[in-house]
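All residue numbers for the sequence shown refer to numbering that gives the first Met the number 0, where the first residue is 0 and numbers rise by one. Even for Gly, the Cβ is constructed at its ideal location relative to N, Cα and C. Here is the structure we will look at, set down as structure tokens.
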Amino acid sequence: MYFAALLARTEDGWEASDTELDDVETLSDLADLAREASPDEDTVLVLIEQEDSWFGVVRIDGEEDPRIFVSDASAAARSSYGEILLTDELLGRDPGDADDLDALDLDLDGTEDGDDENDEGDDDEDGVASAGPAEAVPHGPVGDAGILDDLGVGEKELKSLSSDALTEIAESLGASEVLETVR
Numbered sequence: 000m001y002f003a004a005l006l007a008r009t010e011d012g013w014e015a016s017d018t019e020l021d022d023v024e025t026l027s028d029l030a031d032l033a034r035e036a037s038p039d040e041d042t043v044l045v046l047i048e049q050e051d052s053w054f055g056v057v058r059i060d061g062e063e064d065p066r067i068f069v070s071d072a073s074a075a076a077r078s079s080y081g082e083i084l085l086t087d088e089l090l091g092r093d094p095g096d097a098d099d100l101d102a103l104d105l106d107l108d109g110t111e112d113g114d115d116e117n118d119e120g121d122d123d124e125d126g127v128a129s130a131g132p133a134e135a136v137p138h139g140p141v142g143d144a145g146i147l148d149d150l151g152v153g154e155k156e157l158k159s160l161s162s163d164a165l166t167e168i169a170e171s172l173g174a175s176e177v178l179e180t181v182r
């Protein structure tokens, strides 16, 4: 079970909105969605959690690049929403590695018969998408642990959060009531 919400900082405080991530396929899509929540280019936080498994915070400040923190990269790697946040840059990977894997997929797709393509594609997906990145993804937190420092949630506190992390973050921001309205 997932929960995702946007918290936009305004002149009057924080505003929360429930958000659907079904149409979000990339970090860029997520950043665009967040920017739409704040036409004045104020700070927007995207809060995502999967029950007690992991949580992520994406911070968008105007047109700046998104800043990301994920509490447990290996758990998030097994989630479609987590995969959006776990960029090559965040994981310290060479973006060329992903391009090589994409090229391999294209070569296999182009040389296999249509009947065998699904079987081969599933094997390739299991070998590359499941086992490959899961092994390369570190256990524990990744990203910018100082993402909320100026908002009252320090690096040490953020890294120590666990089961009800989003509620604790919202409390620290003074936004727990608005977050609860969308939960």
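(1) Considering just the uninterrupted stretch of the alpha helix (DSSP H) at Arg77, what are its terminal residues?
(2) What residue does the alpha helix (DSSP H) around Glu48 start on, and which one ends it?
(3) Measure the beta-carbon distance from Val57 to Leu29 and round it to whole angstroms, keeping in mind my assumption that it falls under 8 Å.
(4) Under 8 Å by Cβ, that's how I've got Leu6 and Ala174 pegged, so tell me the actual separation to the nearest angstrom.
(5) So, does the CB of Asp60 fall closer than 8 Å to a CB anywhere in chain C?
(6) Going by beta-carbon coordinates alone, are Val69 and Ile59 separated by less than 8 Å?
(7) Report, in whole angstroms, the separation of the C-beta atoms of Ser162 and Asp51, which I expect to be a contact under 8 Å.
(8) Expressed to the nearest angstrom, what Euclidean distance is found between the alpha-carbon atoms of Asp106 and Gly81?
(9) Cβ atoms of Ala36 and Val177: under 8 Å apart, would you say?
(10) Spell out the partners DSSP gives Ser16 in its beta bridges.
(11) Starting from the Cα of Pro65, find the closest Cα among Leu26, Ala72 and Glu48 and give me that residue.
(12) Note down, in chain order, each residue of its chain lying with its Cβ closer than 7 Å to the Cβ of Leu85, except the 5 sequence neighbours on either side.
(13) Find the nearest neighbour of Glu10 within the set Pro38, Glu88 and Gln49, judged by alpha-carbon distance.
(14) When the Cα atoms are used, what is the spatial distance from Asp22 to Glu48?
(15) For Gly142, does the count of other Cβ atoms within 10 angstroms reach 16, so buried, or fall short, so exposed?
(16) So what does Val57 bridge to, in DSSP terms?
(17) When every heavy atom of the ligand ATP is checked, does at least one fall within less than 7 Å of the C-beta of Leu20?
(18) Looking at the strands, I want to know which residues DSSP matches up with Val141.
Let me spell this out:
(1) Residue 77 sits at position 78 when you count from the first residue of the sequence shown. Premise fails: Arg77 is in no alpha helix (DSSP H) and is neither H nor E.
(2) Within the sequence shown, numbered from 1, the residue matching residue 48 stands at position 49. It is not in any alpha helix (DSSP H) - Glu48 instead sits in the beta strand (DSSP E) that spans Thr42 to Gln49.
(3) Translated into the one-based positions of the sequence shown, residue 57 becomes position 58. Translated into the one-based positions of the sequence shown, residue 29 becomes position 30. Sure, about 6 Å apart at Cβ, within 8 Å.
(4) Within the sequence shown, numbered from 1, the residue matching residue 6 stands at position 7. Within the sequence shown, numbered from 1, the residue matching residue 174 stands at position 175. Sure, about 6 Å apart at Cβ, within 8 Å.
(5) Any reference to chain C falls outside this structure, which holds one protein chain only.
(6) Counted from its first residue, the sequence shown places residue 69 at position 70. Counted from its first residue, the sequence shown places residue 59 at position 60. The answer is no: Cβ separation not under 8 Å.
(7) Translated into the one-based positions of the sequence shown, residue 162 becomes position 163. Translated into the one-based positions of the sequence shown, residue 51 becomes position 52. Rounded, the Cβ-Cβ distance is 5 Å, consistent with contact.
(8) Counting from one through the sequence shown, the residue named residue 106 turns up at place 107. Counting from one through the sequence shown, the residue named residue 81 turns up at place 82. Reliability fails at Asp106, whose pLDDT of 42 lies under 50, so the model's placement of it is uncertain and the value that follows must be treated cautiously. When rounded, the distance between both Cα atoms is 27 Å.
(9) Taking the first residue of the sequence shown as 1, we reach residue 177 at position 178. Taking the first residue of the sequence shown as 1, we reach residue 36 at position 37. No.
(10) Within the sequence shown, the letter at position 17 stands for residue 16. Answer is Leu5.
(11) To locate residue 65, count along the sequence shown from 1; it is residue 66. Measuring from the Cα of Pro65, the nearest candidate turns out to be Leu26.
(12) In the sequence shown, counting from the first residue as 1, residue 85 sits at position 86. Excluding sequence neighbours, Leu85 sits near Val69, Ala72, Ala75, Ala76 and Val136.
(13) On the sequence shown, position 11 is the one that residue 10 refers to. Here the closest residue by C-alpha is Pro38.
(14) Within the sequence shown, the letter at position 23 stands for residue 22. Within the sequence shown, the letter at position 49 stands for residue 48. Cα to Cα, the separation comes out at about 17 Å.
(15) What you label residue 142 is simply residue 143 of the sequence shown in a count that begins at 1. With 16 or more other Cβ atoms within 10 Å, it is buried.
(16) Your numbering for residue 57 matches position 58 in the sequence shown. DSSP, once it has assigned bridges, lists Val45 and Ile67 as partnering Val57.
(17) For the structure depicted, the ligand ATP is absent and the ligand set is empty, with no information on it obtainable.
(18) Start at 1 with the first residue of the sequence shown, and residue 141 comes out as number 142. Val69, per the DSSP bridge assignment.
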